[in-house]
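Presented below is the structure to which this report refers.
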């Protein structure tokens, strides 16, 4: 039995991932703002610090894997705070607890939105770990009626961070595979307001075409996330794996390589 920390475990992909892992016989320490083993707000530095302390206490100072899944899709600054700074703090903060595992693993939930238009300045502020500057930039995007760039920017930054650090001494050199999963449209409470009508669903399909089986249920990326933190995944390193029904192929085509 492995001990796996899953953030955003109260709903959507996080809840499904926790369910898959429990079905496989593993212990899950769920993290969310409610209905979780560890109740914290990853939008705040205090919540991120509490996450590490609480997980350490509940897991006895040792875990086997981390699924940094918690996220927001609001066109507002808190999305940057959770999707990038919360995810990075989760992975970096819990990394010391992985050292005692014989097969440590870590994965983040990104999004195929990382290949959509984004704000370069906001991404660079994230990668410079300038949270105050990033939140200020997000506020400016809202004021300029460009708030639709915030979510994609948060995921671009997260993907680049994973690629940047995955081969470092703290991760690959320490024997910890770090990767990300990039789902397409998943029918979760987070996007329910965007898919409530046939008109909305058609608009989403036009933006994110998924020719292979259409929109997905959260169990689809959950099964991939569960494999990413399994002992079987020994050599995948710094990869962003798209599980998107073909949207990446249609949007980027062969030029993605």
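In this note's numbering, the protein residues as written are 1 to 257. All C-beta atoms in this analysis are idealised placements derived from N, C-alpha and C, irrespective of residue type, glycine included.
- In this structure, residue 245 sits away from residue 204, with a CB-CB distance that is not shorter than 8 Å.
- Within the region 111-167, the alpha helix (DSSP H) runs of at least 4 residues that lie entirely inside it are, in chain order, 120-127, 131-143 and 149-165.
- With three or more CB-CB distances shorter than 8 Å, the region 27-45 counts as touching the region 4-17.
- Here residue 212 carries a coil assignment [DSSP, helix/strand/coil].
- Residue pairing by DSSP places residue 180 opposite 108 and 240 in a beta bridge.
- By the neighbour-count criterion, in which 16 or more other beta carbons inside 10 Å mark a residue as buried, residue 43 falls on the buried side.
- Nearest in C-alpha terms to residue 118, of all of 161, 82, 17 and 157, is 157.
- Secondary structure at residue 43: coil, using DSSP grouped into helix, strand and coil.
- When C-beta atoms of the region 195-214 are compared with those of the region 130-148, fewer than three pairs fall below 8 Å, so the two segments do not count as touching.
- If the five residues before and after residue 239 are omitted, its C-beta is found closer than 7 Å to the C-beta atoms of 179, all from its own chain and listed in chain order.
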